[in-house]
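Student: Sharing a structure below in structure tokens format, with a few things to ask.
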Amino acid sequence: IRARVVRQQKTDRRDAEHLLELLLSERFPRVWVPSAEERDARQLLIHRHQRVRMRTQVKNQLQALALNQGVQRKRKLWTAAGRQQLEGLSLLPFAARRRSELLQSLDALEEQIAALDQAVAAEARRRPAALRLMQQPGVGVQTALAFVLTLGPVERFRRAKQVSSYCGLIPREHSSGGRQKLGALSKQGSSFLRFLLVEAAQSAVRHDEQLRRCYLRLAMKKGKGKAKVAIARKLATRLYWMLRQENSDAQP
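Have a look at this one:
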């Protein structure tokens with residue numbers, strides 16, 4: 180118990196130091212309280228995300244079951260032919276029951292996710308800012324809507340670096356004796372938005388030539404993991420300026 184208390188104290192101290200750093204560097208945004216409607220829309224995104232994760236877990240279990248029978252079809256297992264082959268495997272009673280229940284769960288999740296996708300798309304259509312962000316290659320409806328709902332009024336961020344800090348995509352800084360040392364990511368803010376930005380970054384490098392060149396250069400120097408985070412940070416910066424530009428265009 181004492182060790183846990185000490186670890187928690189260290190965590191609290193690091194968070195306080197990070198908050199102080201943001202305040203001193205004027206990177207701490209103005210406080211924004213989302214409306215009940217905006218909080219509810221966030222719940223929609225999180226609920227869909229959780230259902231997608233559950234679907235992935237079910238698919239992984241079915242893949243393992245098929246592999247135990249010597250069937251390795253990867254993504255093709257989810258085609259009509261792959262489903263037919265999976266259902267036709269000769270299994271012992273308990274394995275057959277597990278397969279049947281997993282397939283029922285998969286079908287139910289697919290139906291739920293399809294309905295949630297429609298709800299998310301409808302919510303995005305109600306928000307011009309989200310539609311504008313979807314013009315960026317690699318940014319889908321989930322990322323665009325989550326970015327808008329998490330950041331709130333873009334005017335409260337004076338610089339793009341504030342947005343990166345808010346999303347937890349800026350490394351911690353430890354300075355001493357005039358030396359600057361960058362550590363791991365601060366991971367402040369919404370972990371869900373950070374996840375979506377990294378996922379979107381991986382898609383963006385396949386469709387955006389400028390980001391692709393940047394990713395390849397960083398991957399050679401620092402590794403793929405750090406390169407993905409760097410592209411996610413650049414992507415967040417782009418989305419921020421797209422919103423700022425939209426607001427500028429809307430002003431008389």
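Heads up, this note's numbering is the position in the sequence shown plus 179, with the first residue counted as 1.
Every residue, glycine too, gets a C-beta built ideally from N, C-alpha and C.
1. In angstroms, rounded to a whole number, what distance separates the CA positions of A243 and F273?
2. Answer yes or no: do F326 and L418 have a C-beta to C-beta separation smaller than 9 Å?
3. In the DSSP assignment, the alpha helix (DSSP H) including K253 goes from what residue to what residue?
4. One question on the structure: do L390 and K405 come within less than 9 Å of each other, judged by their Cβ atoms?
5. Using the three-state DSSP reduction, which class does P272 fall into: helix, strand or coil?
6. Can you tell me the Cα-Cα spacing of A411 and D286, whole angstroms?
7. Just how far apart, CA to CA, sit G362 and S344?
8. Quick check on the burial criterion: 16 or more other C-beta atoms within 10 angstroms. Buried or exposed for R385?
9. When you compare only the Cα positions, how much space is there between R234 and L295?
10. So the alpha helix (DSSP H) M227 belongs to, where does it begin and stop?
11. Is the beta carbon of L312 sitting closer than 9 Å to the one on L422?
12. Distance cutoff 9 Å, beta carbons only. Does A309 sit that close to anything in chain D?
13. According to DSSP, is W211 helix, strand or coil?
Tutor: Let me spell this out:
1. The C-alpha of A243 lies about 15 Å from the C-alpha of F273.
2. Yes, Cβ-Cβ distance for F326 and L418 is below 9 Å.
3. Counting along the chain, K253 falls outside any alpha helix (DSSP H), and DSSP gives it neither H nor E.
4. It is not a contact, given that the beta carbons lie outside the stated cut-off.
5. Looking at P272 - three-state DSSP - the assignment turns out to be helix.
6. One Cα belongs to A411, the other to D286, and the distance between them is close to 33 Å.
7. Legend: pLDDT at G362 = 46, less than 50; position of this residue unreliable, value from coordinates given subsequently. Take the alpha-carbon of G362 and the one of S344: they are about 14 Å apart.
8. Exposed, because fewer than 16 other Cβ atoms sit within 10 Å of the Cβ of R385.
9. The C-alpha of R234 lies about 13 Å from the C-alpha of L295.
10. Going by the sequence as given, residue 227 is Arg instead of Met. From DSSP, the alpha helix (DSSP H) with R227 extends over A215 to N247.
11. Taking the C-beta atoms as reference points, L422 is found nearer than 9 Å to L312.
12. Protein chains in the displayed structure number just one, and chain D is not present.
13. Coil, per DSSP.
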